[in-house]
Ligand SMILES: NC(=O)c1ccc[n+]([C@@H]2O[C@H](COP(=O)([O-])OP(=O)(O)OC[C@H]3O[C@@H](n4cnc5c(N)ncnc54)[C@H](OP(=O)(O)O)[C@@H]3O)[C@@H](O)[C@H]2O)c1
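Numbering (this note's numbering), first residue to last: 24 to 346.
(1) With a floor of 4 residues, list each alpha helix (DSSP H) that falls wholly inside the stretch 267-295, ordered by position along the chain.
(2) Assuming residue 281 contacts residue 249 under a Cβ cut-off of 8 Å, what Cβ separation, rounded to an integer in Å, is found between them?
(3) What do you reckon, is the C-beta of residue 146 under 7 Å from a heavy atom of ligand 3?
(4) Using DSSP with H/G/I as helix, E/B as strand and the rest coil, what is residue 3?
(5) Would you kindly work out how many angstroms separate the C-alpha atoms of residue 164 and residue 190, rounded to a whole number?
(6) State the Cα-Cα distance for the pair residue 147 and residue 74, rounded to the nearest angstrom.
(7) Which residues does DSSP pair with residue 154 in a beta bridge?
(8) Does the distance from the C-beta atom of residue 155 to that of residue 183 stay below 8 Å?
(9) Taking 7 Å as the cut-off, is the beta-carbon of residue 112 closer than that to any non-hydrogen atom of ligand 1?
(10) Throw me the rounded Cβ distance for the residue 57 and residue 141 pair, which I believe falls under 8 Å.
(11) Report yes or no: do three or more beta-carbon pairs, one from the stretch 282-301 and one from the stretch 266-274, lie closer than 8 Å?
(12) To test your reading of the DSSP string, which unbroken alpha helix (DSSP H) runs of 4 or more residues are found completely within the stretch 170-249?
(13) Do you know how far the Cα of residue 178 is from the Cα of residue 352?
(14) Mind the definition here: the stretch 99-116 touches the stretch 314-333 only if three or more C-beta pairs lie below 8 Å; say whether that holds.
(15) Count the other C-beta atoms from every protein chain shown that fall within 10 angstroms of the C-beta of residue 66, then say buried if there are 16 or more, exposed otherwise.
(16) What residue range is occupied by the uninterrupted beta strand (DSSP E) comprising residue 320?
(17) Measure the CB-CB distance between residue 59 and residue 303 and report whether it falls below 8 Å.
(18) In its own chain, which residues sit with a C-beta less than 6 Å from the C-beta of residue 232, not counting the 5 before and 5 after it?
(19) As an exercise, report each continuous alpha helix (DSSP H) stretch of at least 4 residues that is fully enclosed by the stretch 63-120, in chain order.
(20) Could you name the residues of the same chain whose beta carbon sits closer than 8 Å to that of residue 16, not counting the 5 residues immediately before and after it, in chain order?
(21) Taking the CB atoms as reference points, tell me whether residue 85 and residue 70 lie closer together than 8 Å.
(22) Quick one, which of 196, 247 and 274 has its alpha-carbon nearest residue 335's?
(23) Measure the C-alpha to C-alpha separation of residue 31 and residue 38 and round it to an integer number of angstroms.
(24) So what does residue 42 bridge to, in DSSP terms?
(25) Closest to residue 114 by CA distance: which of 200, 247, 61 and 36 is it?
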């Protein structure tokens with residue numbers, strides 16, 4: 024089969040198509056004929072050599088989310104059968120014509136959704152569900168802030184937070200991105216190049232922040248958080264360290280938390296998938312949650328897809344299609 028391989032750490036051009044053997048599913052896995060795969064920012068970090076994959080997954084083929092057709096099932100798989108249309112969270116290996124996934128991290132392609140649309144869901148929706156709703160415990164009526172509102176994570180966070188009744192603020196780097204976030208339901212959108220999000224939100228405060236930026240945002244977020252507020256980290260693109268006043272944490276009874284999805288055990292991911300299917304999948308049927316696809320490229324143009332992502336001009340997801 025054709026797979027896109029990170030031939031060495033470096034610029035997008037290190038991603039090259041190579042022939043690889045079709046992977047063989049273990050007892051609890053399914054083999055999926057990949058029709059589409061999503062690009063995520065962690066793939067870029069992996070390509071640069073800054074995000075080594077966990078053991079047990081393809082080490083040099085990126086790709087954390089796919090959609091396609093079940094081609095073969097391991098002996099212990101009971102839910103899926105050959106021919107089923109699924110999307111799946113995978114630990115790696117998604118940029119290929121075939122990939123294996125644990126049966127528990129596969130979900131049905133939602134009715135009326137294309138493979139490209141379905142493949143845009145697993146990494147972002149699982150990450151948002153776990154961090155915003157499980158760790159962040161976001162509730163109806165609360166104030167929620169997400170940075171990178173137009174990112175793959177951002178568009179999922181805005182739509183889910185709105186669907187579950189929160190007041191949503193997002194930060195982005197352009198007016199066009201602001202408009203897109205508002206169209207997805209954001210109540211407030213702040214172009215951080217023109218306005219300081221702390222000043223804009225100071226009067227209301229926030230209950231939950233989903234932070235992928237870190238750096239000097241951390242102190243601003245600590246000041247903005249209301250009593251019992253939750254600050255959830257999923258990355259630290261502007262720096263991982265900050266000076267904190269522990270008195271603020273005590274006085275406001277704050278929770279500081281965060282997580283990375285990829286290195287979690289398969290049982291955790293299967294439990295998360297089951298909750299996502301129960302809580303989020305119903306929203307997909309009536310398009311209360313929409314796929315936002317910025318660009319779809321053929322699998323062999325993975326390098327170009329990474330260039331597009333690194334330009335940071337995209338709004339929503341960048342996808343690969345296997346033709
Ligand atoms: N912890 C986890 O489990 C987990 C899982 C998946 C993703 N993530 C993280 O979540 C974030 C979003 O992922 P994604 O795949 O949705 O990414 P993405 O679509 O590429 O979006 C990233 C966006 O962040 C904004 N940004 C702000 N500061 C930036 C900086 N210093 N460098 C680059 N971009 C910057 C950019 O938009 P603006 O124009 O608005 O600045 C950019 O479009 C990433 O940081 C990723 O690593 C974490």
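Note that beta-carbon positions come from the ideal geometry of N, C-alpha and C, so glycine has one too. No experiment lies behind these values; they were computed from the predicted model shown.
Walking through what the data contain:
(1) Segments of the alpha helix (DSSP H) lying fully in the stretch 267-295: 269-275.
(2) The residue given as residue 281 occupies position 258 in the chain shown. The residue given as residue 249 occupies position 226 in the chain shown. 19 Å between Cβ atoms; not a contact.
(3) The ligand content of the structure shown is limited to ligand 1, which means ligand 3 is not among them.
(4) This structure cannot speak to residue 3, because the chain is shown only from 24 to 346.
(5) As a working mapping, residue 164 is identified with position 141 in the chain shown. As a working mapping, residue 190 is identified with position 167 in the chain shown. For residue 164 and residue 190, the distance between alpha carbons rounds to 6 Å.
(6) Here residue 147 is taken as the residue at index 124 of the chain shown, counted from 1. Here residue 74 is taken as the residue at index 51 of the chain shown, counted from 1. The alpha-carbon atoms of residue 147 and residue 74 are separated by roughly 17 Å.
(7) Taking the chain shown and counting its residues from 1, one reaches residue 154 at position 131. According to DSSP, residue 154 bridges with nothing at all.
(8) Reading the chain shown from its first residue, position 132 is the one you call residue 155. Reading the chain shown from its first residue, position 160 is the one you call residue 183. Yes, Cβ-Cβ distance for residue 155 and residue 183 is below 8 Å.
(9) Taking the first residue of the chain shown as 1, we reach residue 112 at position 89. Checking the Cβ of residue 112 against ligand 1 gives no.
(10) Here residue 57 is taken as the residue at index 34 of the chain shown, counted from 1. Here residue 141 is taken as the residue at index 118 of the chain shown, counted from 1. Not a contact, Cβ separation roughly 12 Å.
(11) no
(12) 175-186, 198-206, 220-224 and 240-247
(13) Nothing can be reported for residue 352, as the shown portion of the chain is limited to 24 through 346.
(14) Output reads no: the stretch 314-333 does not touch the stretch 99-116.
(15) Within the chain shown, residue 66 is the residue found at index 43, counting from 1. By the neighbour-count rule (16 or more Cβ atoms within 10 Å), residue 66 is buried.
(16) Here the question's residue 320 lines up with position 297 in the chain shown. Counting along the chain, the beta strand (DSSP E) containing residue 320 begins and ends at 316-321.
(17) On the chain shown, residue 59 is found 36 positions in, with the first residue counted as 1. On the chain shown, residue 303 is found 280 positions in, with the first residue counted as 1. Taking 8 Å as the Cβ cut-off, residue 59 and residue 303 do not qualify as a contacting pair.
(18) Working through the chain shown from its first residue, we reach residue 232 at position 209. Cβ neighbours of residue 232 beyond the five flanking positions: 168, 244 and 254.
(19) 64-70
(20) Coverage of the chain is limited to positions 24 through 346, which leaves residue 16 absent and any answer about it impossible.
(21) Within the chain shown, the letter at position 62 stands for residue 85. Within the chain shown, the letter at position 47 stands for residue 70. In this structure, residue 70 lies closer than 8 Å to residue 85 by Cβ.
(22) In the chain shown, the residue the question calls residue 335 occupies position 312. Ranking 196, 247 and 274 by Cα distance to residue 335 puts 196 first.
(23) For this step, residue 31 is matched to residue 8 along the chain shown. For this step, residue 38 is matched to residue 15 along the chain shown. Approximately 8 Å, taken between the alpha carbons.
(24) Counted from its first residue, the chain shown places residue 42 at position 19. DSSP, once it has assigned bridges, lists 25 as partnering residue 42.
(25) Residue numbering aside, residue 114 sits at position 91 when the chain shown is read from its first letter. Closest by alpha carbon: 61.
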